[in-house]
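Engineer: Before we start, here is the structure in question, set down as structure tokens.
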Amino acid sequence: MLIRSGAGGLEILFLRRNPTLAFHGGYWVFPGGRIDTGDADPDAPGDDAAAARRAAVREAREEAGVEVTPESLAFAVHWTTPEASPIRFATWFFIAPAPADRITVDGGEIHAHQWLSPADALARQRAGEIQLAAPTFALTTRMADFADVETALATVAAWPEERLLGELLDVEGGQVALYHQDAAHGGGPLDRPGPRHRLWMLESGWRYERAF
Numbered sequence: 007m008l009i010r011s012g013a014g015g016l017e018i019l020f021l022r023r024n025p026t027l028a029f030h031g032g033y034w035v036f037p038g039g040r041i042d043t044g045d046a047d048p049d050a051p052g053d054d055a056a057a058a059r060r061a062a063v064r065e066a067r068e069e070a071g072v073e074v075t076p077e078s079l080a081f082a083v084h085w086t087t088p089e090a091s092p093i094r095f096a097t098w099f100f101i102a103p104a105p106a107d108r109i110t111v112d113g114g115e116i117h118a119h120q121w122l123s124p125a126d127a128l129a130r131q132r133a134g135e136i137q138l139a140a141p142t143f144a145l146t147t148r149m150a151d152f153a154d155v156e157t158a159l160a161t162v163a164a165w166p167e168e169r170l171l172g173e174l175l176d177v178e179g180g181q182v183a184l185y186h187q188d189a190a191h192g193g194g195p196l197d198r199p200g201p202r203h204r205l206w207m208l209e210s211g212w213r214y215e216r217a218f
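Heads up, the sequence shown is in the working numbering, so the first residue is 7 and it goes up one at a time.
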């Protein structure tokens, strides 16, 4: 996730994937992609997290035309899709201040870009104007708490390292993903009293709950 301080506050760079792509075609995403063999860190062989940082740097260059360094990336979360998902992936998410470079998309895998405040991105998702994947929606929701880049980066740097694997449940009007901090995680009833960490993905709208 590349962020900047805009006229109205914090803004996030979103890229629109080619609608013809089989995986998340047409979705608005952060720069990213697969870890390639060449992303392995020669100083840390076998270190997947180090390779993920180098991959993030490469993808920012390839998909957005901007240069960032591995050291500028603040680890946000490691997210694995639920076992019931038809297509599964495990992803490291990092947050970095965007350089002043002009954004340049390749026109192949990425067709467009826009800078949006977290609140605007979430409002457009609710209105059906853009599509966000579950981790993108959740992280954008968390970023809505921050007014500027400096506050965001300082807070994210202090976040505990989390590896999230959701339990996906069918509910009336859609689905809910439960994460391990949630009181209902592991088979409990959804109304069990206690902490909440869940993502509601309903036809009536999405909602990310995080209170633990």
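Yeah, the Cβ is synthetic: ideal placement off N, Cα and C, and Gly gets one too.
These numbers come from a predicted model, not from an experiment.
The beta strand (DSSP E) that contains L4, what's its start and end?
Structural biologist: This structure gives no information on residue 4, because the portion of the chain shown stretches from 7 to 218.
Engineer: With H, G and I counted as helix, E and B as strand and the rest as coil, what does DSSP make of A96?
Structural biologist: The residue you call residue 96 lines up with position 90 of the sequence shown. Strand, per DSSP.
Engineer: Which class does G211 belong to by DSSP, given the choice of helix, strand or coil?
Structural biologist: The residue labelled residue 211 in the question sits at position 205 within the sequence shown. Reduced to three states, the DSSP call for G211 is strand.
Engineer: Where does A158 sit, in a helix, a strand or coil, going by DSSP?
Structural biologist: As a working mapping, residue 158 is identified with position 152 in the sequence shown. In the structure shown, A158 sits in a helix (DSSP, three-state: H, G or I).
Engineer: Rounded to a whole number of angstroms, what is the C-alpha to C-alpha distance between G192 and P25?
Structural biologist: As a position in the sequence shown, residue 192 is number 186, starting the count at 1. As a position in the sequence shown, residue 25 is number 19, starting the count at 1. Answer to the nearest angstrom: the Cα atoms are 36 Å apart.
Engineer: Please report the distance separating the alpha-carbon of Q120 from that of A150.
Structural biologist: The residue labelled residue 120 in the question sits at position 114 within the sequence shown. The residue labelled residue 150 in the question sits at position 144 within the sequence shown. When rounded, the distance between both Cα atoms is 17 Å.
Engineer: So, with DSSP's three-state summary, where would you put S11?
Structural biologist: If you number the sequence shown from 1, residue 11 lands on position 5. S11: strand per DSSP, three-state reduction.
Engineer: For a test of the three-state rule: what should DSSP assign to A82, helix, strand or coil?
Structural biologist: Residue numbering aside, residue 82 sits at position 76 when the sequence shown is read from its first letter. Correct three-state label for A82: strand.
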